[in-house]
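Trainee: Numbering-wise, the sequence shown is residues 209 to 280 according to my numbering. Cβ atoms here follow ideal geometry from the backbone N, Cα and C, with glycine treated the same way.
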Amino acid sequence: MSLFLPKLTCKKDIDEVIKGVAEKVVVLRFGRDEDSVCLQLDEIKNWCFMRKETRQTYNKCTHNVMGFAKLP
Numbered sequence: 209m210s211l212f213l214p215k216l217t218c219k220k221d222i223d224e225v226i227k228g229v230a231e232k233v234v235v236l237r238f239g240r241d242e243d244s245v246c247l248q249l250d251e252i253k254n255w256c257f258m259r260k261e262t263r264q265t266y267n268k269c270t271h272n273v274m275g276f277a278k279l280p
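#1: Nearest to glutamate 231 by CA position, among Arg240, Met274 and Thr270, is which residue?
#2: When the Cα of glutamine 264 is compared with those of Val233, Ile222 and Leu216, which residue comes out closest?
#3: Please state whether the Cβ-Cβ distance between leucine 249 and arginine 259 is less than 9 Å.
#4: Over the uninterrupted beta strand (DSSP E) stretch that includes phenylalanine 238, give me the two end residues.
#5: Kindly identify the DSSP beta-bridge partner or partners of leucine 216.
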């Protein structure tokens, strides 16, 4: 799932996402793409998107990924 999410590479990118989205909830997933816990979180987010009951809530959020290996 993280392959399809926007990837943030620095603090400036995070600031732009937070300041640029006023009508949605910003969801940031910090971690490494190859980490099993991060992959599980991505699967849970994907499962929530696929369910009719939670899709409307999911669509009110903007999802982004920040990799620890890329932090300055």
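Mentor: Taking the structure as given:
#1: Taking the first residue of the sequence shown as 1, we reach residue 231 at position 23. Per the Cα distances, Thr270.
#2: Taking the sequence shown and counting its residues from 1, one reaches residue 264 at position 56. If we check each option's Cα against that of glutamine 264, Val233 comes out closest.
#3: Within the sequence shown, numbered from 1, the residue matching residue 249 stands at position 41. Within the sequence shown, numbered from 1, the residue matching residue 259 stands at position 51. No, they are not a contact pair.
#4: For the purposes of this step, residue 238 is taken as the residue at position 30 of the sequence shown. Start and end: 233-238.
#5: Locating residue 216 in the sequence shown gives position 8, where the first residue counts as 1. Paired residues: Met274.
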